[in-house]
Amino acid sequence: MSSIGNRTRLNKYAQLLRRQVTWSDQQAGPASGTTWRSTVFLDGYDYGNGRGSSKDASREDAAARAIIALRNEGSIS
Numbered sequence: 001m002s003s004i005g006n007r008t009r010l011n012k013y014a015q016l017l018r019r020q021v022t023w024s025d026q027q028a029g030p031a032s033g034t035t036w037r038s039t040v041f042l043d044g045y046d047y048g049n050g051r052g053s054s055k056d057a058s059r060e061d062a063a064a065r066a067i068i069a070l071r072n073e074g075s076i077s
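Each residue of the sequence shown is one higher than the one before, counting from 1 in full-length UniProt numbering.
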């Protein structure tokens, strides 16, 4: 049984809410210890920031935070 990732879940919510998802990604640190920072935007508004050792991990973290923000504002349950 596979679980749905945060980015997939966020994209499904955005589609239902008719909102556009965009990303901003930054890489920092030496090649051996790179850290990624990602920000997810819904219709141009910052909804979550994440960090990770890869761009994918950083986006997953940001998407999880965006889902929490959407729940807190009552947009999703």
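By construction, the Cβ of each residue, glycine as well, lies at the ideal position given by its N, Cα and C atoms. All figures in this text were calculated on a predicted structure; none of them were measured in a lab.
In angstroms, rounded to a whole number, what distance separates the CA positions of residue i and residue j?
i, j, result
"TYR40", "LEU16", "Correcting the residue type first, residue 40 is Val in the shown sequence and not Tyr. The straight-line gap from Cα to Cα measures roughly 17 Å."
"ALA63", "SER32", "25 Å"
Using C-beta distances below 8 Å, list every residue in its chain close to residue i, excluding the 5 sequence neighbours before and after it, in chain order.
i, result
"ASP43", "ARG19 and GLN20"
"GLY23", "In the sequence under discussion, the amino acid at residue 23 is Trp, which differs from the Gly named in the question. Cβ within range, chain order: SER38, THR39, VAL40, PHE41, ARG59 and ALA62."
"SER2", "Interpretation of SER2 is limited by its pLDDT of 47, a score under 50 that renders its predicted location unreliable; the figure taken from the coordinates is listed afterwards. Excluding positions up to five away in sequence, the list is empty."
Report the three-state DSSP secondary structure of residue i (helix, strand or coil).
i, result
"GLY33", "helix"
"ARG19", "coil"
Among the residues of its own chain, which have a CB less than 6 Å from the CB of residue i, if the five just before and after it don't count?
i, result
"TYR47", "VAL40, ALA66 and ALA69"
"LYS12", "none"
From which residue to which residue does the beta strand (DSSP E) around residue i run?
i, result
"ASP46", "45–52"
What are the start and end residues of the alpha helix (DSSP H) that includes residue i?
i, result
"GLU60", "55–72"
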